[in-house]
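A short write-up of the structure that comes next.
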Amino acid sequence: MDVVVMEDILFYFNNGPKIVENFSMRISKGEFVYIKGSNGSGKSTILKLLGGIIKPKNGKIKVLGKEPYKESEVLKSVGMVVDGMGLYKELSLKENIMYFAKEKGLTYEHAKKEIEKYEKFWDIDFDRKYKKSSHGMRKIAKLTFSLINEPELLIWDEPELALDQKRIDTLLEILKSYKEKGKTCIIAGTNPEIYKNLVDLIIEKEVIL
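Heads up: take any position in the sequence shown, counting from 1, add 26, and you land on this note's numbering.
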């Protein structure tokens with residue numbers, strides 16, 4: 027089963043240069059795919075297209091059999107962390123995670139249990155206010171709410187950024203468990219070596235000149 031299908035994708039902002047052109051990929055259930063590219067290559071744009079944040083100018087996108095920019099309900103089955111995703115600054119990290127868990131359809135008790143589980147995994151306290159939290163803690167909170175309902179597909183943009191080695195090791199353990207459950211993951215970044223024991227396929231995304 028194809029979890030992700032992208033065919034002949036074209037994308038640019040307004041009348042700007044082409045960021046993604048003639049891009050196609052198919053990802054099957056259970057695959058771990060790494061999209062490698064330098065800054066400005068369009069790899070993050072591909073993730074935002076998959077998440078329905080932006081719409082292609084041309085081409086076809088299917089995520090779990092649905093068009094994400096038309097059928098947003100499918101995104102409840104997707105755990106996404108991409109650049110530009112902000113949290114509510116006046117809330118604690120825990121309150122932010124609770125809010126997004128509710129959006130995903132979790133009950134309060136279920137979300138509370140999952141948050142406690144991930145606090146132990148990460149060895150972190152989510153009671154800290156977002157605005158007083160480090161970049162690493164903010165990243166961990168975002169990763170946690172993307173995982174909290176055990177989605178079928180993870181879409182992450184450089185999840186290791188701002189994490190210390192201890193938390194990167196935890197991240198890899200979480201991903202290993204996730205993959206063992208037969209779920210699918212797409213990560214974009216510049217350093218696939220971190221994920222060498224997990225990745226099934228590396229896609230190189232070049233800058234369009």
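Built from N, CA and C at the ideal position, the CB exists for glycine as well.
Going by alpha carbons, who is nearest to residue i out of the options?
i, options, result
"F171", "E230, A214, V104", "V104"
"S50", "N41, G42, P43, I35", "I35"
"K102", "N41, N223, L180", "L180"
"N40", "N65, K83, V225, I87", "K83"
"I200", "I166, D109, Y114, G131", "I166"
"D190", "I229, W148, Y221", "W148"
"D28", "E47, I53, N48, G42", "I53"
"A188", "E145, G42, M163", "M163"
"V31", "I72, G68, G66, G42", "I72"
"K137", "H161, E99, V100, E176", "The question names Lys, but residue 137 in the sequence shown is Ala. Closest option to A137, Cα to Cα, is E176."
"T196", "G42, V100, E178, K143", "K143"
Please classify residue i as buried or exposed, where buried requires at least 16 other C-beta atoms within 10 Å of its C-beta.
i, result
"I150", "buried"
"R193", "buried"
"S70", "buried"
"G112", "exposed"
"Y134", "exposed"
"G78", "buried"
"G91", "exposed"
"K130", "buried"
"L17", "Nothing about residue 17 can be reported from this structure: the residues present for the chain run from 27 to 235 only."
"G239", "Nothing can be reported for residue 239: it is not among the residues displayed for the chain, which extend from 27 to 235."
"L159", "Note that residue 159 corresponds to Ser in the displayed sequence, not to Leu. By the 10 Å Cβ count, S159 comes out buried."
"G66", "exposed"
Please list, in chain order, all residues of the same chain as residue i whose beta carbon is under 7 Å from its beta carbon, the five residues on each side excluded.
i, result
"K81", "Y95"
"V107", "K168, L169, S172, W182, D183, P185"
"E145", "D151, F152"
Only counting the same chain, and skipping five residues up and downstream in sequence, which positions put a Cβ closer than 6 Å to that of residue i?
i, result
"I174", "A127, E140"
"D38", "It should be noted that the sequence gives Tyr, not Asp, for residue 38. Only K44, I45 meet the Cβ criterion."
Measure from the C-beta of residue i to each C-beta in chain C and report whether the shortest distance is under 8 Å.
i, result
"L132", "Considering every chain present, this structure includes no chain C. It has just one protein chain."
Excluding five sequence neighbours on each side, which residues of the same chain lie with their C-beta closer than 8 Å to the C-beta of residue i?
i, result
"K157", "K115, E116"
(Q) Please give the ranges of any alpha helix (DSSP H) in the stretch 75-109, keeping only runs that are unbroken, at least 4 residues long and fully inside the region. (A) none
Q: Pick out the complete beta strand (DSSP E) segments inside the stretch 136-224, 3 residues or longer, and give them in chain order.
A: 179-183, 210-215
Q: Determine, using beta-carbon pairs with one atom in the stretch 52-70 and one in the stretch 206-223, whether at least three such pairs fall under 8 Å.
A: yes
Q) If we count Cβ pairs, one from each stretch, closer than 8 Å, do we get three or more for the stretch 183-192 versus the stretch 215-233? A) yes
(Q) Check whether the stretch 151-168 and the stretch 117-136 touch, using three or more Cβ-Cβ pairs below 8 Å as the test. (A) yes
Q) Of all the alpha helix (DSSP H) runs that stay within the bounds of the stretch 48-77, which reach a length of 4 or more residues? A) 69-76
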